[in-house]
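Chemist:
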Amino acid sequence: MNKAYVLVTILFFGSLCSYGQSIQDLIDEVSLPELTQKINEFSGEIPTTVNGNSVTIINRQQANNDLAADYLVEQFQAMDNLTITDQAFNSNGRNIIATQVGKTNPNNIYIICAHYDTVADYCADDNATGTIAVLEVARILSQQCMDNTIVYALWDEEEIGLLGSNFYANQAVANGDNILGVLNMDMMGYDSDSPGQPGDNQFDIDYRNIAGSVAMKDDIISVLNSYTFDLSVVEVNPGTTASDHSSFWFAGNFPNDAISAVLVGESWETNDETPFYHTSGDRASTLDFQYYHEMVKLITAYTATKGGLLDVDNTVSQNMTMLTSNEDLASSYQWYDCDTDMAITGATSQSFVPSSNGNYAVEITMGSCTERSECLLFEALNVASFEDGEVIVYPNPVKNHLQIESGNISDLEMKLYDMSGKLVRSIQSASGTLTTIDVKRLPQGVYFLSVLNSEKGGTFKIIKE
Numbered sequence: 043m044n045k046a047y048v049l050v051t052i053l054f055f056g057s058l059c060s061y062g063q064s065i066q067d068l069i070d071e072v073s074l075p076e077l078t079q080k081i082n083e084f085s086g087e088i089p090t091t092v093n094g095n096s097v098t099i100i101n102r103q104q105a106n107n108d109l110a111a112d113y114l115v116e117q118f119q120a121m122d123n124l125t126i127t128d129q130a131f132n133s134n135g136r137n138i139i140a141t142q143v144g145k146t147n148p149n150n151i152y153i154i155c156a157h158y159d160t161v162a163d164y165c166a167d168d169n170a171t172g173t174i175a176v177l178e179v180a181r182i183l184s185q186q187c188m189d190n191t192i193v194y195a196l197w198d199e200e201e202i203g204l205l206g207s208n209f210y211a212n213q214a215v216a217n218g219d220n221i222l223g224v225l226n227m228d229m230m231g232y233d234s235d236s237p238g239q240p241g242d243n244q245f246d247i248d249y250r251n252i253a254g255s256v257a258m259k260d261d262i263i264s265v266l267n268s269y270t271f272d273l274s275v276v277e278v279n280p281g282t283t284a285s286d287h288s289s290f291w292f293a294g295n296f297p298n299d300a301i302s303a304v305l306v307g308e309s310w311e312t313n314d315e316t317p318f319y320h321t322s323g324d325r326a327s328t329l330d331f332q333y334y335h336e337m338v339k340l341i342t343a344y345t346a347t348k349g350g351l352l353d354v355d356n357t358v359s360q361n362m363t364m365l366t367s368n369e370d371l372a373s374s375y376q377w378y379d380c381d382t383d384m385a386i387t388g389a390t391s392q393s394f395v396p397s398s399n400g401n402y403a404v405e406i407t408m409g410s411c412t413e414r415s416e417c418l419l420f421e422a423l424n425v426a427s428f429e430d431g432e433v434i435v436y437p438n439p440v441k442n443h444l445q446i447e448s449g450n451i452s453d454l455e456m457k458l459y460d461m462s463g464k465l466v467r468s469i470q471s472a473s474g475t476l477t478t479i480d481v482k483r484l485p486q487g488v489y490f491l492s493v494l495n496s497e498k499g500g501t502f503k504i505i506k507e
């Protein structure tokens with residue numbers, strides 16, 4: 043499982059939330075450090091781990107790229123909600139395909155894709171950039187429930203005739219797959235302006251008036267104009283046929299079987315492509331990673347838009363006592379210890395009171411959709427705001443009646459939770475009073491007493507005998 047950690051400071055009143063999952067939130071999740079790391083790994087600049095061994099993937103030419111294919115399989119395997127197909131289409135060719143099945147319209151298919159084979163060593167722009175973009179979009183969207191099916195496809199043997207994508211496209215036509223659009227990425231990391239500096243940041247969309255490709259181009263531009271990206275589009279019509287999108291244009295019996303498809307990449311149309319094309323000089327150091335980051339954010343936004351985010355709130359609120367799922371309508375909840383990636387026994391309520399500080403997440407289910415929240419660092423326990431003697435709780439362990447002396451602390455709200463986060467007792471107390479909570483009918487076990495007012499708070503671990 044991919045784990046993201048959010049560090050928060052617990053307040054003694056009010057609550058804090060992890061971020062919701064709007065399309066803008068997903069755009070914001072596109073990670074420049076992640077992209078940079080993976081480009082350097084996949085283009086052989088730094089070692090990585092494949093099949094448990096430290097390796098360096100310098101060459102991905104079609105007769106010598108099983109190591110690269112294995113790397114891609116393992117990357118997809120580390121993600122949630124994906125079915126992985128290692129599709130052998132000839133003695134050397136391997137398409138690596140991950141499918142995220144839609145929850146509402148599983149037969150409506152959108153494909154985002156890139157080729158991973160090369161003609162020389164390194165080849166960062168052509169096409170580690172497209173390959174890693176697919177992985178990054180999958181990393182983010184595989185954590186979400188989508189209306190439609192998304193196929194994350196990485197083609198082999200593009201460089202010797204689009205063989206991998208041709209095989210897949212013709213097979214899809216024969217199977218009657220309902221492919222609504224194919225977005226192909228090929229060479230999307232070079233921009234001649236100084237990296238990270240203001241410039242034109244142009245990119246091409248190659249399309250033709252084939253199937254719904256014109257409308258698909260318009261949809262991408264609509265997304266470009268709906269959010270903030272440091273990019274400028276160049277429309278290319280008729281678009282090139284020299285990459286994998288054209289396999290879908292001409293699949294089966296043209297034009298009857300044609301499939302909507304476009305190519306997105308750096309701007310060949312304005313002569314702003316890498317000067318290191320098809321040479322071992324095509325290395326990560328020649329890329330404009332800030333430009334590339336913007337490109338991947340655009341692809342993420344488009345894919346999330348067409349995939350259709352289901353209306354599930356997988357965010358979590360927390361206060362000093364507990365964590366609470368913000369989704370009120372889930373059919374089930376399961377809290378997880380993120381440090382062990384293990385489900386917590388009995389923690390199946392909307393709220394959860396941790397018995398120790400740590401990283402926690404909740405998995406929520408609504409119908410056929412299951413999503414897990416980000417992991418939140420909970421470290422409220424053992425952090426006291428009351429001074430010694432201001433609030434006294436006794437006896438502990440307790441059998442029948444729990445006593446709370448509050449001295450001069452006024453307007454206290456007291457809530458008792460069981461281990462699953464379920465509220466079992468609640469009472470208000472004025473200042474200078476002795477409050478009694480009847481617990482004699484509660485089952486034996488561990489409980490947590492939250493004592494709060496508008497200024498201070500405390501959590502007390504209670505043992506019921």
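The numbers in the sequence shown follow the numbering used here, run straight up by one, and end at 507. Note that CB positions come from ideal geometry on N, CA and C, so glycine has one too. For clarity, every value in this text was computed on a predicted model and none was experimentally measured.
1) Hey, how far is the Cα of K503 from the Cα of Q445?
2) Starting from the C-beta of N149, find all residues in its chain whose C-beta is less than 6 Å away, skip the five residues before and the five after it, and write them out in chain order.
3) Comparing alpha-carbon positions, which option in Y232, D112, D272, A156 lies nearest A195?
4) Under the assumption that V265 contacts A343 (Cβ atoms under 8 Å), give the Cβ distance between them as a whole number of angstroms.
5) Less than 9 Å between the beta carbons of S289 and N399, yes or no?
6) On a Cα-Cα basis, can you pick out the residue from S64, T160, C417 that is closest to D108?
7) Check whether the stretch 346 to 359 touches the stretch 184 to 195, counting contact only when three or more Cβ pairs, one atom from each stretch, lie closer than 8 Å.
8) Report buried or exposed for T91, applying the criterion of at least 16 other Cβ atoms within 10 angstroms of its Cβ.
9) Between which residues of its own chain and T125 is the CB-CB distance below 6 Å, once the five residues before and five after are set aside?
10) Across which residues does DSSP place F245 in a beta bridge pair?
11) Whether or not the stretch 269 to 283 and the stretch 365 to 372 are in contact is what I'm after, with contact meaning three or more pairs of Cβ atoms, one per stretch, closer than 8 Å; do they touch?
12) Are the Cβ atoms of A170 and F84 separated by less than 9 Å?
13) For the alpha helix (DSSP H) containing N82, list its first residue and its last residue.
14) What beta strand (DSSP E) runs, 3 residues minimum, are completely inside the stretch 341 to 420?
15) Taking the alpha helix (DSSP H) that G206 falls in, what are its first and last residues?
16) To the nearest angstrom, how far is it from the Cα of G487 to the Cα of K506?
17) Residues in its own chain within less than 7 Å of Q244 by CB, not counting five upstream and five downstream?
18) Straight-line CA distance for F54 to S492?
19) To which residues does DSSP link R467 through a beta bridge?
20) Is it right to say N424 is buried, meaning 16 or more other beta carbons lie within 10 angstroms of its own, or is it exposed?
21) On the premise that A346 lies in contact with L222, defined as a C-beta separation below 8 Å, what is that separation, rounded to the nearest angstrom?
22) Could you tell me which residues DSSP puts in a beta bridge with G499?
23) If contact is defined by three or more beta carbon pairs under 8 Å, each pair taking one atom from either stretch, is the stretch 452 to 462 in contact with the stretch 473 to 485?
24) Taking 8 Å as the threshold, find out whether the stretch 253 to 269 comes into contact with the stretch 116 to 130 through three or more Cβ pairs.
25) Does the beta-carbon distance from D168 to T316 come in below 9 Å?
26) Specify the secondary structure class of A170 as computed by DSSP and reduced to three states.
27) In terms of residue numbering, what span does the alpha helix (DSSP H) encompassing Q119 cover?
28) Taking the beta carbon of G409 as the centre, do at least 16 other beta carbons fall within 10 Å, making it buried, or is it exposed?
29) Between which residues of its own chain and P437 is the CB-CB distance below 6 Å, once the five residues before and five after are set aside?
30) For S285, does the count of other Cβ atoms within 10 angstroms reach 16, so buried, or fall short, so exposed?
31) With DSSP as the reference, identify every bridge partner of I505, one or two as the case may be.
32) Could you give the residue range of the alpha helix (DSSP H) that holds A257?
Modeler: Judging by the given coordinates:
1) Put simply, the backbone Cα of K503 is about 14 Å away from that of Q445.
2) Same-chain partners within the cutoff: N220.
3) Of Y232, D112, D272, A156, the residue nearest in Cα terms is A156.
4) The pair is a contact, with the Cβ atoms about 5 Å apart (cut-off 8 Å).
5) Against a cut-off of 9 Å, the Cβ pair of N399 and S289 comes out as no contact.
6) Per the Cα distances, T160.
7) Result yes; three or more Cβ-Cβ pairs closer than 8 Å.
8) Exposed, because fewer than 16 other Cβ atoms sit within 10 Å of the Cβ of T91.
9) Only residues of its own chain outside the window of five on either side were considered, and among them T141 have a CB closer than 6 Å to the CB of T125, listed in chain order.
10) F245 is bridged by DSSP to V275, E308.
11) No contact exists between the stretch 365 to 372 and the stretch 269 to 283.
12) With respect to the 9 Å criterion, A170 and F84 are classified as neighbours on the basis of their beta carbons.
13) According to the DSSP assignment, N82 belongs to the alpha helix (DSSP H) that extends over 74 to 84.
14) 358 to 360, 365 to 367, 374 to 379, 400 to 408, 411 to 414, 417 to 420, all fully within the stretch 341 to 420.
15) For G206, the enclosing alpha helix (DSSP H) stretches over residues 205 to 217.
16) Between G487 and K506, the alpha-carbon positions lie close to 5 Å from each other.
17) When the five nearest sequence neighbours on each side are left out, the beta carbons in the same chain lying within less than 7 Å of the beta carbon of Q244 are those of S274, V276, S309, T312, D314, in order along the chain.
18) Here the model assigns F54 a pLDDT of 30, short of 50, so the residue's position is not dependable, and the following value carries that caveat. Between F54 and S492, the C-alpha separation is close to 10 Å.
19) Answer is L458, bridged to R467.
20) In this prediction, N424 scores a pLDDT of 47, lower than 50, which makes its location untrustworthy; the coordinate-derived value is nonetheless stated afterwards. Counting every other CB atom within 10 Å of its CB across the protein chains shown gives N424 a total below 16, marking it as exposed.
21) Taking C-beta atoms under 8 Å as the contact rule, L222 and A346 fail to qualify, at a distance of about 15 Å.
22) Answer is L494, bridged to G499.
23) These segments touch.
24) With a cut-off of 8 Å, the stretch 116 to 130 and the stretch 253 to 269 do not count as touching, because too few Cβ pairs lie within range.
25) Contact annotation: D168 and T316 have beta-carbon atoms nearer than 9 Å.
26) Correct three-state label for A170: helix.
27) 108 to 119 is the span of the alpha helix (DSSP H), which, as asked, contains Q119.
28) Classification for G409: exposed.
29) Counting only residues of its own chain and dropping the five nearest sequence neighbours on each side, P437 has no CB closer than 6 Å to any other CB.
30) It is buried - the Cβ of S285 has at least 16 other Cβ atoms within 10 Å.
31) Bridge pairing for I505: V488 [DSSP].
32) Taken as a continuous stretch (DSSP letters only), the alpha helix (DSSP H) holding A257 covers 255 to 268.
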